[in-house]
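S.K.:
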Amino acid sequence: NAGVTQTPKFRVLKTGQSMTLLCAQDMNHEYMYWYRQDPGMGLRLIHYSVGEGTTAKGEVPDGYNVSRLKKQNFLLGLESAAPSQTSVYFCASSYGRTARNTEAFFGQGTRLTVV
Amino acid sequence: DAKTTQPTSMDCAEGRAANLPCNHSTISGNEYVYWYRQIHSQGPQYIIHGLKNNETNEMASLIITEDRKSSTLILPHATLRDTAVYYCIVKAGGTSYGKLTFGQGTILTVHP
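First to last, the sequence lines map onto chains F and L.
Following the numbering used here from start to finish, the first sequence increments by one per residue and tops out at 115.
Following the numbering used here from start to finish, the second sequence increments by one per residue and tops out at 1112.
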């Protein structure tokens, strides 16, 4: 049971380049999330999904797009990378549609540097 | 979701109990108190959560005051591997869809 797996783990981009971060979970979770964490700060929510084919904006969505074509995968895209998007990106997933709150499971992060 | 206040940093001796406080004075009736930790820039790790009763699991205990305006996370026998940033998060149920709002957290340093 791998949990939440993020690909790649590290990446360096030039300004203006595009890339896609992949998040995969094998726990059959309904909900998935993308967060970013800047140095010395807590995590901030970028986008999230409450089920296959659905996405929604979080706290800091500008400059990012997402897709959830399959329940187990949640993709985060940067169409034109900017230095301000240099950050560590975390994906998470959790059960949904239950009366009792449950915890979120996080991946190990993708360290992205935009030069 | 209600705002939380935590001390910036705390120290603890190895083998002793670590008691991490959190204030959430504006918490509402349907909001849960969650604790996560983040070890050296790894992905956050769930520790425990509760609504109004005290909770205990293999990792920690959570004590919530009767008025629910504050809580304490207790690591009963801290080890060096418990050195991490600890986040106290208050989250509503229902349509909040599990979104977590992370503050600055408490940096816990466990000393030999």
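Just so it is clear, CB atoms sit at the ideal spot from N, CA and C, and this is done for glycine as well.
1) So, does the CB of residue 1104(L) fall closer than 7 Å to a CB anywhere in chain F?
2) Give me the Cα-Cα distance between residue 59(F) and residue 48(F), rounded to the nearest whole angstrom.
3) With a CB to CB cut of under 7 Å and the five nearest residues on each side skipped, what residues in its chain are close to residue 44(F)?
4) Please confirm whether residue 11(F) and residue 78(F) have their CB atoms less than 7 Å apart.
5) Are any of the Cβ atoms in chain F nearer than 7 Å to that of residue 1086(L)?
6) Closest to residue 13(F) by CA distance: which of 107(F), 80(F) and 104(F) is it?
7) Can you say whether residue 1039(L) is buried or exposed, counting buried as having 16 or more other CB atoms within 10 angstroms of its CB?
8) Listed in chain order, which residues of the segment 58 to 70 of chain F have Cβ atoms closer than 9 Å to some Cβ of chain L?
9) Hey, would you say the C-beta of residue 1019(L) is under 6 Å away from at least one heavy atom of the ligand ZN?
10) What does the alpha-carbon distance come out to for the pair residue 1092(L) and residue 1083(L)?
11) If you count every other CB in all the chains shown that lies within 10 Å of the CB of residue 1068(L), and 16 or more means buried, which is it?
12) Can you confirm whether residue 53(F), when its beta carbon is compared against all beta carbons of chain L, has any partner nearer than 7 Å?
13) Please state whether DSSP places residue 1021(L) in a helix, a strand or coil.
14) Indicate the three-state DSSP secondary structure (helix, strand or coil) for residue 84(F) in the structure shown.
15) Check whether the Cβ atoms of residue 1015(L) and residue 1111(L) lie closer than 7 Å to each other.
16) Below 8 Å on the Cβ atoms is my guess for residue 90(F) versus residue 1043(L); work out the distance and round it to an integer in Å.
17) Could you tell me which of 51(F), 6(F), 54(F) and 30(F) sits nearest to residue 24(F), measuring between CA atoms?
18) Have a look at residue 1013(L) and residue 1080(L) and give me their C-alpha separation to the nearest angstrom.
19) What residues of chain F sit near residue 1043(L), judged by a beta carbon separation below 8 Å?
20) Taking only runs that begin and end inside the segment 39 to 75 of chain F, name each unbroken beta strand (DSSP E) of 3 or more residues, in chain order.
M.R.: Inspection of the coordinates gives the following:
1) The beta-carbon of residue 1104(L) is placed less than 7 Å from the nearest beta-carbon of chain F.
2) Each residue's alpha carbon lies about 10 Å from the other.
3) Same-chain partners within the cutoff: 35, 36, 59 and 60.
4) The answer is no: Cβ separation not under 7 Å.
5) It does not: the Cβ of residue 1086(L) has no partner Cβ on chain F nearer than 7 Å.
6) Of 107(F), 80(F) and 104(F), the smallest CA-CA separation from residue 13(F) is found for 80(F).
7) Here residue 1039(L) is exposed: its Cβ has fewer than 16 other Cβ atoms, across all protein chains shown, within 10 Å.
8) 58 and 59: these are the residues of the segment 58 to 70 of chain F whose beta carbon lies less than 9 Å from some beta carbon of chain L, given in chain order.
9) The ligand ZN is absent from the structure shown, which contains no ligands of any kind.
10) Near 28 Å, if we compare the C-alpha coordinates of residue 1083(L) and residue 1092(L).
11) Buried is the call here.
12) False, the Cβ-Cβ gap to chain L never drops below 7 Å.
13) If DSSP states are grouped into helix, strand and coil, residue 1021(L) belongs with the strands.
14) In the structure shown, residue 84(F) sits in a helix (DSSP, three-state: H, G or I).
15) The Cβ-Cβ distance between residue 1015(L) and residue 1111(L) does not fall below 7 Å.
16) Rounded, the Cβ-Cβ distance is 5 Å, consistent with contact.
17) It is 6(F) whose Cα lies nearest to the Cα of residue 24(F).
18) Residue 1013(L) and residue 1080(L): Cα-Cα distance of roughly 9 Å.
19) What residue 1043(L) touches in chain F: 4, 90, 92, 106, 107, 108 and 109.
20) Counting whole runs of 3 or more residues, the segment 39 to 75 of chain F contains the beta strand (DSSP E) stretches 43 to 49 and 65 to 67.
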